[in-house]
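These protein sequence lines are chains X and R, in that order.
For the first sequence, numbering that gives the first Met the number 0 begins at 0 and goes up steadily by one.
For the second sequence, numbering that gives the first Met the number 0 begins at 0 and goes up steadily by one.
Quick reminder that beta carbons are idealized off the backbone N, C-alpha and C, glycines included.
These figures come from a predicted structure and were not determined experimentally.
Following: one structure in C-alpha cells, then a few remarks.
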Amino acid sequence: MKKLLVTLLSVAMVLAMTACGSGSGSGDGGSSEDPIKIGFFAPVSAPAASADGTSALNSAKLAVELCNANGGINGRQVELVDFDDKLDTKEAANIAENLASDDSIAAVVSGSYSGPTKVAAPIFQDAGKLMVSAYAVHPDVVNAGDLIFSQSFPQKLQGAAAAYYATNELKAKKVAIISVDLDFGSAQVEGFKEELKKINSPIEIVYEQAIDISDNDMSSPVTAAAAAGADLIYSVNYYEQAAQVLREVGQKKLDIPVLGCEGADSFELLNIAGEYADGLYITTNMNRDDENEQTQEYIKNYVEKYDIQPDMVGASVYDAFQVVFAALEECGEDTAAMQKYIAGLENFNTVTGELIRYNDDGSAVKPVQIQLVTNGEYHYAGVIDDPEIIDPANY
Amino acid sequence: MFEQQFMNALAIGSVYALTAMGATLIYGIMGILDIANAGAYLVGAYLGWYIYHATGNIALAFIGSAIAVGALGVLLQKTIYSPILAKQNTLSIIPLVAAVGLFTMSSDVIRLICGPYSKSYNFKTSADSIQIGPIVLIPAWILIFALTALCLLVLWFLLNRTKLGLAWRSTANDSEIAKVCGVDTNKSMALSYILGYGFAAIAGIMVGILYNSITPALGEVPSYKMLAIIVLGGLGNPVGTVIAGLLIGFVEVFVSAYTNLPIPKDAIAFVVLIIMLLIKPEGLMGQKNKM
Numbered sequence: 000m001k002k003l004l005v006t007l008l009s010v011a012m013v014l015a016m017t018a019c020g021s022g023s024g025s026g027d028g029g030s031s032e033d034p035i036k037i038g039f040f041a042p043v044s045a046p047a048a049s050a051d052g053t054s055a056l057n058s059a060k061l062a063v064e065l066c067n068a069n070g071g072i073n074g075r076q077v078e079l080v081d082f083d084d085k086l087d088t089k090e091a092a093n094i095a096e097n098l099a100s101d102d103s104i105a106a107v108v109s110g111s112y113s114g115p116t117k118v119a120a121p122i123f124q125d126a127g128k129l130m131v132s133a134y135a136v137h138p139d140v141v142n143a144g145d146l147i148f149s150q151s152f153p154q155k156l157q158g159a160a161a162a163y164y165a166t167n168e169l170k171a172k173k174v175a176i177i178s179v180d181l182d183f184g185s186a187q188v189e190g191f192k193e194e195l196k197k198i199n200s201p202i203e204i205v206y207e208q209a210i211d212i213s214d215n216d217m218s219s220p221v222t223a224a225a226a227a228g229a230d231l232i233y234s235v236n237y238y239e240q241a242a243q244v245l246r247e248v249g250q251k252k253l254d255i256p257v258l259g260c261e262g263a264d265s266f267e268l269l270n271i272a273g274e275y276a277d278g279l280y281i282t283t284n285m286n287r288d289d290e291n292e293q294t295q296e297y298i299k300n301y302v303e304k305y306d307i308q309p310d311m312v313g314a315s316v317y318d319a320f321q322v323v324f325a326a327l328e329e330c331g332e333d334t335a336a337m338q339k340y341i342a343g344l345e346n347f348n349t350v351t352g353e354l355i356r357y358n359d360d361g362s363a364v365k366p367v368q369i370q371l372v373t374n375g376e377y378h379y380a381g382v383i384d385d386p387e388i389i390d391p392a393n394y
Numbered sequence: 000m001f002e003q004q005f006m007n008a009l010a011i012g013s014v015y016a017l018t019a020m021g022a023t024l025i026y027g028i029m030g031i032l033d034i035a036n037a038g039a040y041l042v043g044a045y046l047g048w049y050i051y052h053a054t055g056n057i058a059l060a061f062i063g064s065a066i067a068v069g070a071l072g073v074l075l076q077k078t079i080y081s082p083i084l085a086k087q088n089t090l091s092i093i094p095l096v097a098a099v100g101l102f103t104m105s106s107d108v109i110r111l112i113c114g115p116y117s118k119s120y121n122f123k124t125s126a127d128s129i130q131i132g133p134i135v136l137i138p139a140w141i142l143i144f145a146l147t148a149l150c151l152l153v154l155w156f157l158l159n160r161t162k163l164g165l166a167w168r169s170t171a172n173d174s175e176i177a178k179v180c181g182v183d184t185n186k187s188m189a190l191s192y193i194l195g196y197g198f199a200a201i202a203g204i205m206v207g208i209l210y211n212s213i214t215p216a217l218g219e220v221p222s223y224k225m226l227a228i229i230v231l232g233g234l235g236n237p238v239g240t241v242i243a244g245l246l247i248g249f250v251e252v253f254v255s256a257y258t259n260l261p262i263p264k265d266a267i268a269f270v271v272l273i274i275m276l277l278i279k280p281e282g283l284m285g286q287k288n289k290m
C-alpha cells in the first residue's frame, strides 16, 4: 500500500512538473498567471548621467505601476526587469546579451543615451527581440534593423525646426551658435544650416562654437556671440550648459534671446538658471500645456510619486512603455506581430503628443513642440507640424 | 571684447589655480598625485551647500566645509596614505591607485546620499553684474578673486612666516634629513592634508556658486585637469600652480574666443602642458624654487 502511494505521488509530481515546464517554455512566454516581463536599461549610477538615468527609471517604474494598477495587460501583471548600464557601452552589451537570451523577456525599452543604445540595438535585432528606444538620437539605433523603434525624432529634424522657428517666428537676422561637441549638437546644427538654405532664410550665422560636454564656462563664447552682433543665440546643449548660457546672458544683461533644444527640457535647467531661464525658447517633444488627458495625468502622477517635475527624458520613456504595452495587448508576446503592429501605428496618443506614425527606419514622426519659459515654467509657444519638416525621411 | 575676455580668463584661471592648489601641497610633501583631492572638492561643495542652506551664512559654509574636509584629509592620510608609503619598496603607483579608488568612491557616495540631481546654491548678491567701462564683472568673480588672493596670502604666511611652515618646507625638500634634524614630519604631512583638502573644499564651493550647480560629477574635470596644472606648475610648487592655472585659463578662453580649433577645450590644458614640458621639462617653476 505504501509503495503504491509513493508511486502515485511520484507520478503526480512528474505530471505537475511537466505541466509547469511546458507553460514557461511556451512560445508566448508564460502562463496567464506569470507576469509579462519587459527589459529596461538606463544610466542610473554614472555620475555624469545619473540625473537622466534616474528620470528614465522613475518613469519606467511609474508606467509599469500604473499599468498593473489598471489590471495589467490582458489580465496579466507586468514586471520591469531593469538594469543600470552605467553609461558604459561594454556594460550595455552585457545587459543586452542577458536580456536577448532570456526567453521570458517580451520586449525591451532603452532609457539610455545613444552610446549604450546603439551598442545594444544590433544585439536585440540579431536575437529577434523588439526594442523601443526612448530618447537616444543616433541614427545607428534605428538603423540596426526592423525590430528597433525610436520615440525620438532625428536631431537634424529638430535643427531644421529650430531654423524654421528662428526665421519665421523669432525673425532673427544674426545668429550665434553655441553647441555641444557631440553628435547631439553637430547633427542639430547641420539640420539648422541646411534648413536655412532650403527656406532662403535671411539669417546670417555670425559666430559658431562647439563646446565640451564637461565645460561649464560659457563666459567666453557668450561674450564672443555678443561682440559678433548676434540677435539670437542658438544653444544646442544639454540642460547644464544651456543653463550656463542663460546665466551669462542674464547676468551680463545682454539683450539676446536664446533658442535651445530638447536637451534643455528639464526642471534641472530651471533650478540652475533661476530667473535667467525666463524667455528661453526650446524645440522639444513635450507640450506641458497639452490638454491631452494622458499628458496631464502623467505629469500629475509623476509629481505625486517623486515630488519633482518630469522632464523630456522621463516622458519619452513613459511613451516608449505605452507603445510596448499597446503592442503586447494587441499581439501577445509574438515579436513578429508586435513589430508589424508598431510599424503600422497611426495617430497614437502619447504623453508627448500625437505620434503620427513610425517612419520606415523606425523613428517616430511627430510634431516638434516649441516651449517658452515664463515665470520659471515651460509653456506652449507654438508647434511645428509642417509635414516637410517633421518627416524623418527628409533627413 | 578683449578686455571682457581678459576678465573671463582671469576668473576661470583663478578657479583653476585654487582647485589645483590642494593637490600641489600634497604632492609637495607626500610625493603622490592625489586624485582624491577632486573628491575633496566635490565633498566640500556639497558640505558647503548643506551648511549654507541650513544657516544662510556663506562665510560659515566656506569655513565649516574647509575645516571638516581638511579633517577628513588628515584621517585619510593617517589611515591610508601614510601606511602605504611607510611600507618598504612601495611602488609609486600604489598610492595613486588608492587615490583613484577614493575619488571614484566619493562620487558614488555623494550620489547615493545626496541624489543624482543638481543642487543650486542660489547665492544672491545685490547686483547681477557691475559695469566698469567696457568690462562687466559678475559678483561671483569678485568673490573668487578675493578668496584666491586670501587663500594664497594665508598659505604664503603659513609656509614662510611660521615654524610650522619652516617644518613643512624642510620636509618637502628632504623628509629624511628633516626628520634627522628633529622636524616632526608627521605634523608636516597632516598640515599638507588640512590645507590641501581645505583648499579643495573652498574651490568646490566657489565653483558651485559661480555656476549655481553642483552634481555628483563635479569632481570629474578637476580630477584630470588639476594634474596638467600641477605638472605644468612644477610638481608641488604653489607659485608655479598659480601661474599654470592662470596660463591655462587664459589659453582656453582666448583660443575659444578667437579661433574655432577642432580640439576640445579640456585638451587645450594638455597641449599647453606638452609644449611647455618640451621647452622646460621641470615645469614652469622647478623643484628648487619652492615657495
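Does the segment 222-235 of chain R come within contact of the segment 185-195 of chain R, defined as at least 3 CB pairs closer than 8 Å? With the cut-off at 8 Å, the segment 222-235 of chain R and the segment 185-195 of chain R do not touch.
Quick one: what does DSSP say G28 (chain X) is sitting in, helix, strand or coil? Residue confidence for G28 (chain X) is low, a pLDDT of 48 falling below 50, so the modelled location carries little weight; the figure read from the coordinates is stated next. Coil, per DSSP.
Below 7 Å on C-beta distance, what does N215 (chain X) contact in chain R? Y210
Could you give the first and the last residue of the continuous beta strand (DSSP E) run that contains R356 (chain X)? 352-357
Could you tell me the distance, in whole angstroms, from the CA atom of T283 (chain X) to the CA atom of A145 (chain R)? 42 Å
Within the segment 212-279 of chain X, ranges of the alpha helix (DSSP H) (whole runs, at least 4 residues): 218-226, 238-250, 266-272
Q124 (chain X) by DSSP, collapsed to three states: which one? helix
Would you call the CB atoms of F122 (chain R) and A35 (chain R) closer than 9 Å? no
So if I threshold CB-CB distances at 8 Å, which residues from the segment 127-142 of chain R count as touching chain X? D127, S128, V135, I137
Label I273 (chain R) either buried or exposed according to how many other C-beta atoms from any shown protein chain fall within 10 Å of its C-beta, with 16 as the threshold for buried. exposed
What residues in its chain sit with their C-beta under 7 Å from that of G239 (chain R), if we drop five residues either side in the sequence? The beta carbon of G239 (chain R) sits closer than 7 Å to those of G232, G233, G282, L283, M284, all from its chain and outside the five residues before and after it, given in chain order.
Against chain R, with Cβ distances strictly below 9 Å, would N44 (chain X) count as a contact? Rather than Asn, the amino acid found at residue 44 (chain X) in this sequence is Ser. Chain R, which has a Cβ nearer than 9 Å to the Cβ of S44 (chain X), makes this yes.
Residues that Y45 (chain R) contacts on chain X, provided the C-beta gap is smaller than 9 Å: Correct list: empty, because the minimum Cβ distance to chain X is about 12 Å.
Roughly how many whole angstroms lie between the Cα atoms of T222 (chain X) and A120 (chain X)? Taken atom to atom, the span from the alpha-carbon of T222 (chain X) to that of A120 (chain X) is near 42 Å.
Within chain R, partners of P220 (chain X) - CB distance below 9 Å: S255, A256
Within-9 Å CB hit, T214 (chain R) to chain X: Yes, T214 (chain R) counts as interfacial toward chain X.
Among all the DSSP beta bridges, which residues are the ones paired with I104 (chain X)? X:K36.
Apply the 10 Å Cβ neighbour rule to C180 (chain R) and answer buried if 16 or more other Cβ atoms are within range, or exposed otherwise. Around the beta carbon of C180 (chain R), fewer than 16 other beta carbons sit within 10 angstroms, so the residue counts as exposed.
Residues of chain X with a CB under 9 Å from the CB of D265 (chain R): which are they? D211, S213, D214
Compile a chain-ordered list of the residues in the segment 47-72 of chain X whose CB is closer than 8 Å to at least one CB of chain R. A47, S49, A50, G52, T53
Segment limits, beta strand (DSSP E) that includes G381 (chain X): 376-383
Among X:E96, X:Q250, X:Y112, which residue has its Cα nearest to the Cα of V43 (chain X)? X:Y112
My output table needs one value for P280 (chain R): the three-state DSSP class, helix, strand or coil. In this structure, DSSP gives P280 (chain R) a state outside helix and strand, which the three-state scheme calls coil.
Verify the CB distance criterion: does E328 (chain X) have a CB-CB separation below 9 Å to chain R? no
Measuring alpha carbon to alpha carbon, tell me which residue in X:G144, X:D384, X:N374 is nearest F266 (chain X). Measuring from the Cα of F266 (chain X), the nearest candidate turns out to be X:N374.
Rounded to whole angstroms, what's the CA-CA distance from L71 (chain R) to I204 (chain R)? Just pull it up for me. 17 Å
With 7 Å as the limit, tell me which residues of the segment 269-300 of chain X have their beta carbon closer than that to any beta carbon of chain R; keep them in chain order. Listed by position along the chain: N270, I271, G273.
Chain R partners of Q208 (chain X), CB-CB under 8 Å? S255, N259
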